Structures are given as structure tokens and as C-alpha cells.
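Trainee:
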Ligand SMILES: [Zn+2]
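As C-alpha cells, then:
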């Protein structure tokens, strides 16, 4: 029997506000344990929450960028559960009235563009952090009350690849809008997956499992792939899938049932009586709309039409806000879009990939990349040298002109100097001269190579070609 | 001295006839002589009180202008935070909790140079109508030590009645200020929901709780209300409404003012003698030229049911934070974290608190939310609408505060539902969120009877006006227990 | 609707409370008594009635995104039954 998978994702993204959602404590990452806390975010008796206005703005920004409708009247709700990192033993979130609903993200699959629906986006508070050590669990409440949005997708994804693409696009949009910095390693982006399988062609949903603890996009992809396979194999063996929460174990490469909870979740949601109605009017919504930057889809289209870039290049360059900014800044500094794109798609991304770094960490400045391109185009350095210069720039962040000067990498375009090298090479290789005279034109290539080598790659290749031919003729 | 009102004391201080230190010492002596019998105080901050009194005396000596409350001893219900003092809510689970911050009202009192004597006994977490549910000791009625002072702010009411403080603060979720005020023969005001910040009041039922003053008379009430009312950015539910000069409502004529008498509040369940006293009070108003109108509030009878669902549900969630982790009582022995929660909470909370947590948890649990909580929120809308409509026709509504005078200690403690019925006239007011005041209006067998005046939203002024008119005509607010 | 001992046990678990058999029996009776009383709400027609969150309608109590000083850690932790190195400590939680 052929199966298809049904995948839905729940993504938590930390908002980039300065203060927590219900109190004025800073959201700064790091900081000594329990120093970004007050009676409100520590859940002291008598303390009360007051909603951070910017949280609403940021969440609406995300919602609008993700093509959602905004719920103009909402209220907060309490989700009740006991856990040591949850100071009030309830989380203030939204239940029946999420701030945003009915949006979508577009992904590009082999079959074309596909819309992945977003069911809802709501605002809520993060919990503290529990560190499990040998002699006990240690709790730090610095993160308690940091604002989050939870983005719940519709069960529209069918493969792990689609899930990964959805996540990548979602992350790009959240970063573009500066709603969240989406750093998975700092926990500012987290993802849980709901996975079920069903016989292809069936319209009913199978029993789903929830997968947690996936710490990278790759992990999400691998975990979902594993879970789909596991479920199909189980069904083929005649087993039933149970609704349960499973943990992705990165080292084992499998999903494992989490210690079964002692009771079914009964969160006892009810409207938060310490807070009041949240009403957003058209003016507020329009103000947020006006601050939306150019989003990845539009940018991609513009790169194709305005810069004449191939679709593939345009997609890569717009895949993250930082990369697109790097590209645009390089162009702004004078590089042609084509050259800038070639360099970024080539050396820049290759080197970053080799070092497992991201564009945010690069030392090379766009203006320096533009200058490097300029140095090639005006003949100061050769393409070969340029790659060496770039390696230096990548390590030091230095100006390419300085590197070229200091290391004497300027292209040799002096005819006499090159002619001297050519003659020296020809003198040393009489066989090549002989071969050339016997009609073996291949010999010329060898001589050119030797000349370039002798000049340490600095000789102007066009001149070398011309002079080698001239001198060979003379002999 | 201890029988005097706040405004009388202010006058004595202003005339230089008594210093704040003398006054504070005098009150501390009064406490040590009677509180063994009354049980109003859980904690006394003698040093803090005397230091403050000295500070105010200095100010006066330097000729500085001081506030109306400056230098006068008062005390605070033990569910309101005062930095550096314990806030126990009369519960074992908070027995050693020292608040690291001030409630908004505490800040306001400190700005007014109030002399804070200490913290007052109450029903555990403000759950109760008799102050028998304190984990530490029972409060007794100064008029009859065998009887309850009412609750949950029993300590706050008894302290004012017995002259152990010139005014006190309490909290009112379903009648917890007005009912004990009535049973102890003092004035107690529950302001409009949102009139006073709840920041630093340990929440029982967030959508119903409101802080308010206990005083000997209505004039004092106007002064205290003015000092503690007003918007607070730390409480989302606090109202952005100007605070009025409430004293300008004193000594006003009430001729032509319309007083509504809801017929539902005079039916079955009301003690006959109490009814007579309230009818006498109505007669006083008629004599003063007020227009008495019978009205009907048919939805009121559902208020208690709505109350027990909303209050218990909110409480079950509000009290979840008492888990023995960040503060409060932690059981000595436990197997793991879940067991730590269970043991600490089971040993830390008293029976009535557990009963309400259980009821609230049940009402919110899967499958029952719509039938109970959501239904109650809808009926609440109808009750609110009914009050709004009523105030289109009348200026205030008059009812008994409590269906009976103070009952005997232990009399109702085995029957929760019967105990709950003693809040029958006060609960609807919290559901609607309107303000109401209880004023001494008579005696039955030597025990005080209170009358409740209910006002429109944010119209505390009219309550002061109407209450003060009654006080000028009668002597009930001048009576003091003989303890 | 009638509450059984099993309901009481379920709710106790949710509320992190434990009771003796005798207490459970008493709570079952108490809860039934109160719930019977509360049944009267079923008489009220609430079709098309909106819920009320709070005693009267307040909108948009919002705070500007301005950092305020956090509290001194010692003052926040001084009430903790167990704390170490600035952390609140609890028995080891197994995920
Ligand atoms: Zn905080």
C-alpha cells in the first residue's frame, strides 16, 4: 500500500522586543541567572501582568507578512499546568481568540508553488529555563515572560522536505520583518511537528504523534522522515499508531516516546481575569502594514526583473534578510548585480559553508567585496589572485586594496617584464618550442601555464597569451 | 482616645493636643490589652510604626504640611503586601513569606505618611465569611467574643471596632469588607471594580477582588478612599478615571434623591429583627426627603451561583503559584517534584481553600468549561445589565448587608452552603462591579446591623453623600463595643 | 451532573492535592451540594448573550516597551525554600 504523510508544524518564535511581555524586565539573552526578574515574571503573590504594546505590533507584523487576517478584538487566556519553570503554574496565552488567523506561506516544490496554510498566530509568554543536574533541577527565570508568538500551520505538508522549506521561508519572513532573530541555538525559534500517515487517496486523517526536541532545520527534516517511516512500518506490521508525544534523539537518529505523562493534559483554559480586552483598530493595523519591508517573494521577483538574475540565484540571495542585504549593499557600492551575485553565490557562500558559518558572522564588508570586483575588472589583479585576496579578506576583514598592495599581488601588465619571463621560460623549454614549430599548438598552453606560474599568477593572462605567441613565432 | 474617629484624631494632632508618637504608643497599648481576646492582628511592626510617627512629628514640628492620614495608626489585611513585612494570607503556606515589594495601596499610604501598625487576621486567602478559617487563630467579634466578626476581613473590621487602629484596609470579593463591617458595627466600603489598584493584593478571584477601607464613620471613609483610589499602570484592570474630592460629598442635602429598594432582598432568609432595623433606616431617608422606590432585581438570585463558579475557578488558578518552589511552605518529605507540589499544597492549605480549589478546578476541567464557567460569564453579563438598567431609575439601592447579625463561632462552619448564604446581599455587587458601602444602621440584641448602599459605577461620591446624611440623623456610628 | 469519588480524585490530581478516603467522601458531598445549587443557572436563557470578562469593559491596558530595572536577586530568592548559586532549586525533574 502506498502512504502519504500529513504534517503540521507549531513554531514558537521569540519576539525582538526590548522588554518582556507582561513586565519591564529586559529580554536580553544571557545575563546571570535570575537577574532579569521581578515580582511579575517570578509570579510573586499579588503581582499583575500588563501587556507590552510592542508585542502586539510585532505579532501583527508577523501576521500581516504571513498573509493573515487580524482579529480586531481578542483577550488573553490562562493555560494551567504545573511545572517548576512556570512561575505562576499557568501560562498567559491566547486560546479562543488568537491575534492572527488564516494565513499562508508559499513554498516552491518540484510541482510548482504550494501554499502552506497558517491556522493561527497567538501571543504568549515563555517559561523559565530548567537545568537538570545530577543533584537536582536548577531554575533560572530570566527567560520567564519573554514574548513569543506561536505559529500553528495547517496540516498541509506532505513530506519532510516541504516541512523544511516551510520553516526556511517562515524564518526568512520573520527575520525580514525583524519580528524575531530566529536563532534556534539560543532557543529563539523552536519547532514541534505533528505527523500522521494515511493510505494515499484516503481523506481521513490518521492518528498523529507530536515530535519535540528538534534543534535545527536539518533535525526537523530528519525527525519527520524518520517518524513517517516508523509509522508506515508499524502499520505494515499490523500495529496501531498511538497518539503520543515523542522526542527526537539526534545522536540515535530516532524518535522516542517521552515518559508518558501521568495524566492527560487538561489545561483548563479560561479568559485571563487580570487583563482586559485587546482591541486593534484599522489605524494601528495600517501603521504596521506601512512598516512592512519588501518580503522575500517580492524581492526575488525584483532581482529577476531588475537585475536579470536567474531564478535560482535570486531565490538563494533572498533566502535570508542578511544575505539579501549583503548582496544589495555590494551592488550599492558599485559592483554589477551579475558580478556581485556570482561572487556571493560562489566564493562567499562556499567559504561560509566550509566553515559552517552564516552570513551574519562574515567579516567581509560589502564595500570591500565591491572593491575586489572592481580590482578584477580594472585589471589590477587577476581572477586567480582575487580568490587568494578573498581568502585573506575572509580571515581579516581587511580592505582588498591593502591586501593587494601589502602582498604585492598587483597584476603585471608591463609588456617588457612579461616578455622577459616568456623568453626565460622558452629558453628553459626548448622541447616546447620544437613541438610548437611541429604544429603541436598544445605546447603553447604549457608555456602560458609556466609563465603564469613564474609570475606567481600576477601576469596579465591576455598579455601572456599574446606575448607567448609572438615570441614563439620569432623563434 | 481609641474610641475617636480618624477625623477627630486629625483635629487633635492639628491642634497639638496629641503627638503622633503618643497616639501610636497609645494604640499599641490598646492592642496589647485587647487583642488577646479579639485576635485581629497577625503581625505588629512596633518599631516601623513608631519610627514613622516620630518622622511625622518632626515634619509637624518643622511646620511642614502633612496629609490627612499622616501620623495616624492604621493596619492592613494580611493579603496586601508591605515590603519587609510578612504577607501570610492567614495561611500556613505563606507563614514565612516576607514580601519584597509594596502593594500599590501600601505605596499610597506610605506617601501619605500613614503609620502602619501591622497586618490583620482574615479567613485564609480571603475565603470565608466568619474569619474562622485563619490558619493561625480565630478573630472574635468585639461586641460578643463568642461570635464571629464576619469575614473574610474579620481582623480589619474587628480592629476598627475595638479601637486597635483608626482605620484599616480589607479586601472584598463577595462581601468580605461589607459583611464584617456590618457584623462589627463599622463602615466598610467596596469601591467600584478598578477604582483601587489590586497590585500587591494577593489575588483570590481577580475579576471580583477589590480593596477598600474600614472606618468608624462615613466621613473617615471619604478621606481614606481619596488617599488610596486612582489609576495604577501596574494593574491592567485599574480605571483611568480621575479621583474625586470625596469629602465634598459630606454634609449634602439628599432631598429628591431616588433610593431603590429591591424587593428580592427583603424576602425569605432575612432575619425579621434585621428587617425591622433596615425598614427604620428607610424611614429615616423618607424623612430626609429621599424618594423611596421599590425596584426588582430578578437576576440577583443567580449571583451566588455565578459567584461560586467564577470565584472558585479563578482561585484555583490564582492559588496554583503556591507550590513550595519559589516561596512559601515546602513539605519536609517528598519523593519527586510532583510529590513536592502535592505534599506542600495539601499540608499548606486549609480545608475551605482546598474545597474552593477543587470546585474551581472541576468547573474549568475538560468538558465542564462551557456548562459552568462560560455559562457563569454569560449570566454575569445579564446581572451587569440589570444593575445598569436599575441605575437609570434610581441614584442608590438600599439593602441589608447581611441577612443576620453576627452568628456564633462554629455555628456554620460545617455547612459551606449555609455559610455562603450569608453573602447573599453582597455577592451580586461584586458580580456587577458596582460600589457599595455598609453603614451601621441599628442593633439587634446588642449586636450591630448594617445597611448596604449600592451605587452606580464610579459613583462612590453618592454613597458618601447618602451614607453621611444617614449618619447625621442617627447615632449608630457613634456606638462602640464595651471591650 | 453528579460528582463521584473518581472525579474528585481526577480533579485533585490536576490541582496537585491529595486527600484521605474520608476527605474525598466529604469533598464529593460538598461539591455535589454546591453543584446542585449552581444548577439553577440552567434556568437562565443565555442564548445570544456575550460573556463578560471582568466587571465592566476595559480595553487596551498597554505598556510601552521601555526597560525597567529588574529586582535585586537576593530579595527575590530570599523566600525560596531551596536556592543555590542564584538558581531556584527543586528535586531533579525527569523529562
Ligand atoms: Zn519581570
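Residue numbers (the working numbering), protein chains in the order written: chain A, 1 to 475; chain B, 1001 to 1483; chain C, 2001 to 2095.
The beta carbon of each residue, even a glycine, is placed where N, CA and C say it ideally should be.
Quantities reported herein were computed from a predicted structural model and do not represent experimental measurements.
Quick check on the burial criterion: 16 or more other C-beta atoms within 10 angstroms. Buried or exposed for residue 312/A?
Mentor: Within 10 angstroms of the beta-carbon of residue 312/A lie fewer than 16 other beta-carbons, which makes it exposed.
Trainee: Give me the chain C residues within the contact set of residue 1097/B, using Cβ-Cβ distance strictly less than 9 Å, ordered along the chain.
Mentor: 2079
Trainee: Going by DSSP, what residues sit across from residue 1450/B in a beta bridge?
Mentor: 1440/B
Trainee: Compare the beta carbon distance of residue 112/A and residue 104/A with 8 Å and say whether it is the shorter of the two.
Mentor: no
Trainee: Run through chain C and tell me which residues come within less than 8 Å of residue 1377/B, C-beta to C-beta.
Mentor: 2051, 2052, 2053
Trainee: So with CB distances below 7 Å, who are the chain F contacts of residue 2046/C?
Mentor: Here chain F cannot be found, since the structure's protein chains are A, B and C.
Trainee: Can you tell me the Cα-Cα spacing of residue 274/A and residue 91/A, whole angstroms?
Mentor: So the alpha carbons of these two residues sit roughly 13 Å apart.
Trainee: Should residue 464/A be labelled buried (16 or more other beta-carbon atoms within 10 Å of its own) or exposed?
Mentor: buried
Trainee: What would DSSP say about residue 2060/C, mapped onto helix, strand or coil?
Mentor: coil
Trainee: May I have the straight-line CA-CA distance separating residue 1005/B from residue 1214/B, to the nearest angstrom?
Mentor: Rounded to the nearest angstrom, the two C-alpha atoms are 11 Å apart.
Trainee: Look at the Cβ atom of residue 211/A, then the Cβ atom of residue 227/A, and state whether they are nearer than 8 Å.
Mentor: yes
Trainee: When you measure from the CB of residue 128/A to every non-hydrogen atom of ligand 1, does any distance come out below 7 Å?
Mentor: no
Trainee: Should residue 263/A go down as buried or exposed, given a rule of 16 or more other Cβ atoms within 10 Å for buried?
Mentor: Residue confidence is low: residue 263/A scores 48 on pLDDT, short of 50, so the model does not pin down where it sits. Its coordinate-derived value is still stated next. When all chains shown are included, residue 263/A counts as exposed.
Trainee: Residues around ligand 1, please: the ones whose beta-carbon is closer than 5 Å to some heavy atom of it, in chain order.
Mentor: 23/A, 25/A, 38/A, 40/A, 41/A
Trainee: In the DSSP assignment, what residue or residues form a beta bridge with residue 249/A?
Mentor: 254/A
Trainee: Buried or exposed: which applies to residue 1111/B, given that a residue is buried once 16 or more other Cβ atoms fall within 10 Å of its Cβ?
Mentor: exposed
Trainee: Mind listing the chain A neighbours of residue 2092/C? Cutoff is C-beta to C-beta under 7 Å, in chain order.
Mentor: Neighbours of residue 2092/C in chain A, taken as residues whose beta carbon is under 7 Å from its own, are 132, 136, 137 in chain order.
Trainee: Short check: CB of residue 1135/B to CB of residue 1149/B, under 8 Å?
Mentor: No, these two residues do not count as a Cβ contact at 8 Å.
Trainee: Could you name the residues of the same chain whose beta carbon sits closer than 7 Å to that of residue 177/A, not counting the 5 residues immediately before and after it, in chain order?
Mentor: Once the five neighbours on either side are set aside, the close Cβ partners of residue 177/A are 61, 62, 65, 292, 293.
Trainee: With 16 as the cutoff for other CB atoms within 10 Å, does residue 2045/C come out buried or exposed?
Mentor: Its Cβ having fewer than 16 others within 10 Å, residue 2045/C is exposed.
Trainee: Does the beta-carbon of residue 1210/B have 16 or more other beta-carbons within 10 angstroms, so that it is buried, or is it exposed?
Mentor: buried
Trainee: Can you check DSSP and say which residues form a bridge with residue 199/A?
Mentor: 3/A
Trainee: Quick check on this structure: which residue in 341/A, 284/A, 165/A, 453/A has the alpha carbon closest to the alpha carbon of residue 309/A?
Mentor: Selection 341/A, 284/A, 165/A, 453/A evaluated against residue 309/A yields 341/A as nearest (Cα-Cα).
Trainee: Starting from residue 275/A, find everything on chain B with Cβ-Cβ shorter than 7 Å and list it in chain order.
Mentor: Within chain B, the residues near residue 275/A are 1236.
Trainee: Assign residue 1386/B to one of two classes, buried (16 or more other C-beta atoms within 10 Å of its C-beta) or exposed (fewer than that).
Mentor: Classification of residue 1386/B: buried, given that the 10 Å Cβ count is 16 or more.
Trainee: Answer yes or no: does any C-beta atom of chain C fall closer than 8 Å to that of residue 476/A?
Mentor: There is simply no residue 476/A to check, as chain A begins at 1 and stops at 475 in what is shown.
Trainee: Can you tell me where the beta strand (DSSP E) holding residue 153/A begins and where it ends?
Mentor: 147-153
Trainee: Is it a yes or a no for the region 1290-1297 of chain B touching the region 1413-1425 of chain B, going by three-plus beta-carbon pairs under 8 Å?
Mentor: no
Trainee: Identify whether residue 213/A lies in helix, strand or coil by the three-state DSSP scheme.
Mentor: strand
Trainee: When you compare only the Cα positions, how much space is there between residue 1027/B and residue 1183/B?
Mentor: The alpha-carbon atoms of residue 1027/B and residue 1183/B are separated by roughly 23 Å.
Trainee: Pop quiz: residue 1426/B and residue 1178/B are said to be a contact at Cβ under 8 Å. What is the actual Cβ separation, rounded to whole angstroms?
Mentor: Residue 1426/B to residue 1178/B, Cβ: 5 Å. Contact.
Trainee: Are residue 1113/B and residue 1021/B closer than 8 Å when you measure CB to CB?
Mentor: no
Trainee: By the criterion of Cβ-Cβ separation under 7 Å, what are the contact partners of residue 1016/B in chain C?
Mentor: The contacting residues do not exist; residue 1016/B stays about 40 Å from chain C at best.
Trainee: Going by DSSP in three states, residue 404/A sits in which element: helix, strand or coil?
Mentor: helix
Trainee: Please identify the residue among 2022/C, 2069/C, 2080/C, 2006/C whose C-alpha is closest to the C-alpha of residue 1098/B.
Mentor: Looking from the CA of residue 1098/B, the closest CA among 2022/C, 2069/C, 2080/C, 2006/C belongs to 2080/C.
Trainee: Check whether chain A comes within 8 Å of residue 2063/C, counting only Cβ atoms and requiring the distance to be less than that.
Mentor: yes
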